[in-house]
Amino acid sequence: MAHQFFFNPFILDNLPAPSVGFDVVQDISEPRLRMYVTSRGVKTFFVRKRVHGKDKRIIIGNYPDTDIETARGAVSEILSAAMEKPKIHRKSITLKKFLDLYLEKRVKRNSFSRDKLERAIKRHFVTLLDKNISDISLEDVQVVISNIKGPAIAGRLQEFLQSVFKYAVDTGYLKQNPIKGLPKIPQSRRIRPINKSVLHRLIRAINKEQDLNLRAAFLMLIYGFAPKSKVFSMQWRDLDFNLYMWGDRPLSDMAVVLLQDLPQDGRWVFPGRGRGHLTDPRTAWQKIVKIAGTPNLTMDDVNKFLTRQLVWSSDKEDLRANMNAVLDESLE
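Our numbering numbers the first residue of the sequence shown as 523 and each following residue consecutively.
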């Protein structure tokens, strides 16, 4: 352990040199400041810091050429500089190739979400993909963002690009983020037009639907606690009515009763045109919500209204009980 005392010229001038090797002394006023004293009487200020997992000793200067106050003042600046990641200058790379790298290293999403992001990239960033990432300017990005319809999508993709460029700086492909400081796109949060009263009117309107397949599908949006994409693509092979399970998730009592009454004569629970499943019956939905008196209500609104009330649990029986409790409370 280094010998500690308050560094002042009188003490440092009279420090004895060790007979062999070197000694280390430490300043009490600035504990990060230390000094080597060699057997030849050379006195050297230095700081010690563990940087990125390695112990580093950084020389400030020899005493008395570097005075005590200068050495103390240099400590913070030197340590901050030591913590900075070294800039690696790499070869040019197109945005398309860098996005492949970014998606592999930084994006942790399920396959559905990842595919959705990749489709958005191909659709909205087409004019940037073949450009070298170092050649992309603020103006280029502003043009792309301004052409995206809808502030919500534009805002998310702008934030995505911010993250991409920041990673490019960290990995040495860029010296600086070209869109750093670009103002965020103002968002107007949509108010979902649904409550218990609306839900009651919606179910009454759904029950008037003449098409059995559509009627069951729309009711399953309420009873299934799942987004429309998962509900409409349900397969009979994933349902276990003995255990009240849909794949790895439980089914509410109302969902079980609804599904058991349907004809099980194909692959899909809710078949669509041809051999596929139901996809996006928006025309029928618009007719139903108009009857319910809420023409702006979306299928997504229904799912989010119910799932936000649901208390999630890793125990399947507890989760099933919670589903039933939410439906009982919402439909009473």
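For every residue, glycine included, the Cβ atom is placed at its ideal position computed from N, Cα and C.
Annotation: the continuous beta strand (DSSP E) that includes residue 555 extends over 555 to 560.
Under the Cβ criterion (8 Å, minimum of three pairs), the segment 699 to 713 does not count as touching the segment 806 to 813.
For residue 545, the enclosing beta strand (DSSP E) begins and ends at 544 to 549. Taken in chain order, the complete alpha helix (DSSP H) segments of 4 or more residues contained in the segment 754 to 832 are 775 to 782, 804 to 813, 821 to 829.
In this model, residue 622 and residue 672 are separated by some 26 Å (Cα to Cα).
8 Å or more divides the Cβ of residue 701 from the Cβ of residue 655. Beta-bridge annotation (DSSP): residue 699 is not paired with any residue. When 688, 697, 649 are compared, the shortest CA-CA separation from residue 624 is found for 688. In the same chain as residue 846, and ignoring 5 residues on each side of it, the C-beta atoms closer than 6 Å to its own belong to 774, 775, in chain order. If you compare the alpha carbons of 781, 565, 661 with that of residue 737, the shortest gap goes to 781. If you ignore the 5 residues before and after residue 806, its C-beta comes within less than 6 Å of the C-beta of 736, all in its own chain and listed in chain order. Straight through space, the alpha carbons of residue 825 and residue 715 are spaced by roughly 13 Å. With contact defined as three or more Cβ pairs closer than 8 Å, the segment 530 to 546 and the segment 580 to 590 are in contact. Judged by beta-carbon spacing, residue 790 lies beyond the 8 Å limit of residue 831, meaning their Cβ atoms are not closer than that value.
For residue 680, the enclosing alpha helix (DSSP H) stretches over residues 673 to 692. For the pair residue 804 and residue 743, the Cα-to-Cα distance works out to about 14 Å.
For residue 527, no alpha helix (DSSP H) encloses it; the enclosing beta strand (DSSP E) starts and ends at 525 to 527. Relative to the Cα of residue 613, the nearest Cα in the group 680, 627, 657 belongs to 657. In chain order, 676, 680 place their CB closer than 6 Å to the CB of residue 667, counting only its own chain and leaving out the 5 sequence neighbours on each side. The Cβ atoms of residue 772 and residue 841 sit closer than 8 Å to each other. DSSP places residue 739 inside the alpha helix (DSSP H), whose first and last residues are 734 to 745. The alpha-carbon separation between residue 765 and residue 835 amounts to approximately 17 Å. Taking all protein chains shown into account, residue 788 has fewer than 16 neighbouring C-beta atoms within 10 Å of its C-beta and is therefore exposed. When only Cα atoms are considered, residue 760 and residue 732 end up about 27 Å apart. DSSP, reduced to helix, strand and coil, places residue 840 within a helical segment of the structure shown. Of 585, 571, 546, 619, the smallest CA-CA separation from residue 530 is found for 585. Annotated three-state conformation of residue 846 is helix, per DSSP. Measuring C-alpha to C-alpha distances from residue 539 to each of 528, 740, 557, 549 identifies 557 as the nearest.
Per DSSP, residue 719 is one residue of the alpha helix (DSSP H) stretching across 718 to 728.
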